[in-house]
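Taking it in order: structure first as structure tokens, then the write-up.
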Amino acid sequence: MPKKYTGIYLDYAASTPVDPQVALVVAETMQQVYGNPSSIHGFGLRAKSILDEGRNLIAAILHARPDEIFFTSGGSESNNLAIQGVAAECRKPGNIIISAIEHPSTLQTCRYLKTHGWEITQLPVNGDGQIDPAELDRTIQPETALISIMHVNNEIGSINDIETCAQIAARKNVLFHTDAVQSFGKMPVDLSKTPISLMSFTGHKIYGPKGAGVLFKRRAVKIAKMIHGGSQESGLRAGTENIPAIAGLCKAVEIIQQRQNEDRALAQKLGQQLRELMHLKVPRAQQNGSPAGLPDIQNYAIPGIDNLSFLMGMDLAGIAISNGSACSSGDISPSHVLQALHLPEKLQNASVRISFGRFTSSEEIETAVQAFAHFLQKK
1 MPKKYTGIYL DYAASTPVDP QVALVVAETM QQVYGNPSSI HGFGLRAKSI
51 LDEGRNLIAA ILHARPDEIF FTSGGSESNN LAIQGVAAEC RKPGNIIISA
101 IEHPSTLQTC RYLKTHGWEI TQLPVNGDGQ IDPAELDRTI QPETALISIM
151 HVNNEIGSIN DIETCAQIAA RKNVLFHTDA VQSFGKMPVD LSKTPISLMS
201 FTGHKIYGPK GAGVLFKRRA VKIAKMIHGG SQESGLRAGT ENIPAIAGLC
251 KAVEIIQQRQ NEDRALAQKL GQQLRELMHL KVPRAQQNGS PAGLPDIQNY
301 AIPGIDNLSF LMGMDLAGIA ISNGSACSSG DISPSHVLQA LHLPEKLQNA
351 SVRISFGRFT SSEEIETAVQ AFAHFLQKK
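Mapped onto this note's numbering, the consecutive letters of the sequence shown carry residue numbers 1 to 379.
Encoded structure:
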């Protein structure tokens with residue numbers, strides 16, 4: 001068994017630690033519930049009950065129907081299934097509207113569809129990293145088949161008004177999808193009141209395991225499957241479901257519901273502490289995006305540093321932070337999110353993301369900022 005890596009982990013936006021209660025559920029399920037949920041004997045029915053209970057739980061939280069909840073392998077697959085699924089249902093290529101700061105799983109999917117004749121419209125964002133709903137309204141064309149706007153940005157924590165965006169889409173009879181990977185469990189969404197057509201989230205951003213995600217799809221919305229084979233997930237996604245990971249995801253959702261107020265209060269407290277300490281000990285740092293964004297995802301430009309050198313220096317000091325989306329970490333080009341904010345190139349290459357959560361302490365925030373300041377003093 002690999003040894004636990006020790007240090008201060010401030011990269012929750014990439015992946016959260018697994019809650020110990022979740023880890024226990026995953027292990028027990030893996031050992032005790034090994035039947036195939038498509039089998040009709042008792043072993044299979046026990047596995048199927050985990051899927052049914054999970055759908056009921058998530059549907060109740062979202063104010064949706066259980067048959068509108070589909071399990072996937074994660075947020076990227078959910079985004080792909082939503083976007084490509086809508087496109088494949090259309091008779092001919094049309095128009096898709098997204099924001100300029102979407103997650104790579106949305107951007108790359110749309111770039112792929114562009115090679116197949118689809119027109120992709122990217123809405124700009126303001127200095128806070130938000131789209132203008134009025135501009136969205138003006139941009140919709142008769143050929144627009146789908147609008148996909150993320151709820152919370154994974155690099156700078158900016159929050160989009162998806163309720164207003166969804167209302168605009170519904171008024172113009174256009175499907176609306178939102179990537180809620182960074183917002184699920186942190187910002188409530190009532191799907192009985194907000195006309196969202198499709199919504200994605202994943203387990204490993206909410207203290208659950210990797211390998212399990214969710215796509216909400218409203219009953220009336222038709223999308224094509226991407227994986228062909230068996231009739232799992234009501235025929236929308238073939239392949240035997242990952243029961244242990246799904247059980248863990250559902251336990252994580254259950255815990256989030258129990259701890260909502262506690263987790264949010266901690267995020268607000270640590271977020272304010274981080275902003276104050278950065279202002280005091282790293283005065284040259286400037287926050288990218290708005291301080292009114294999600295408090296547990298903060299992005300700072302620190303003039304005069306190279307962010308990759310800074311990250312390596314912090315890693316050597318036992319502190320884990322990042323320079324943007326984990327899905328783009330192998331790409332040394334500047335972040336498309338920071339480019340969309342029209343940040344000068346020097347600042348784009350001098351920006352780092354700090355993200356935290358349930359298992360972060362005030363002492364860790366203070367130690368990390370002290371390490372930032374010490375590193376900069378040596379430069």
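Think of the CB as a built atom: it goes at the ideal place given N, C-alpha and C, for glycine as much as any other residue.
| Query | Result |
| --- | --- |
| Sheet register partners of residue 199 (DSSP bridge) | 178 and 216 |
| The segment 243–251 contacting the segment 49–67, beta-carbon criterion three pairs below 8 Å | yes |
| Buried or exposed (CB count within 10 angstroms, at least 16 for buried), residue 115 | exposed |
| Residue range of the alpha helix (DSSP H) that includes residue 385 | Because the chain here runs from 1 to 379, residue 385 falls outside it and cannot be looked at. |
| As assigned by DSSP and simplified to three states, the class of residue 351 | strand |
| CB contact flag (residue 320, residue 9, <7 Å) | yes |
| is_contact[residue 232, chain C] using C-beta, thresh 7 Å | Protein chain content of the structure displayed is limited to a single chain, and chain C is not contained in it. |
| Residue 373, enclosing alpha helix (DSSP H) - first and last residue | 362–377 |
| Reference residue 197; option with closest CA among 209, 217, 213 and 181 | 217 |
| Bounding residues of the beta strand (DSSP E) (the contiguous stretch that carries residue 300) | 297–301 |
| Proximity to residue 80 [Cα-Cα], best of 62, 108 and 296 | 108 |
| Cβ contact (3+ pairs, closer than 8 Å) linking the segment 222–241 and the segment 183–191 | no |
| Beta-carbon spacing of residue 277, residue 369 below 7 Å | yes |
| Pick from 29, 70, 274 and 279 that is closest to residue 232, judged by C-alpha positions | 70 |
| Limits of the unbroken alpha helix (DSSP H) element including residue 143 | Premise fails: residue 143 is in no alpha helix (DSSP H) and is neither H nor E. |
| Cβ pair residue 165, residue 124 closer than 7 Å | no |
| Three-state secondary structure (DSSP) of residue 287 | strand |
| Candidates 61, 209, 68 and 120, of which the one nearest residue 84 by Cα | 120 |
| Residue burial classification, residue 263 (beta-carbon count within 10 angstroms, cutoff 16) | buried |
| Backbone secondary structure at residue 49 - three-state DSSP | helix |
| Same chain, Cβ closer than 7 Å to residue 89, five either side skipped, listed in chain order | 222, 223 and 224 |
| Coil, strand or helix - residue 320 by DSSP | strand |
| Neighbour-count burial assignment, residue 204, 16 or more Cβ in a 10 Å radius | buried |
| Exposure label - residue 6; buried when at least 16 CB within 10 Å | exposed |
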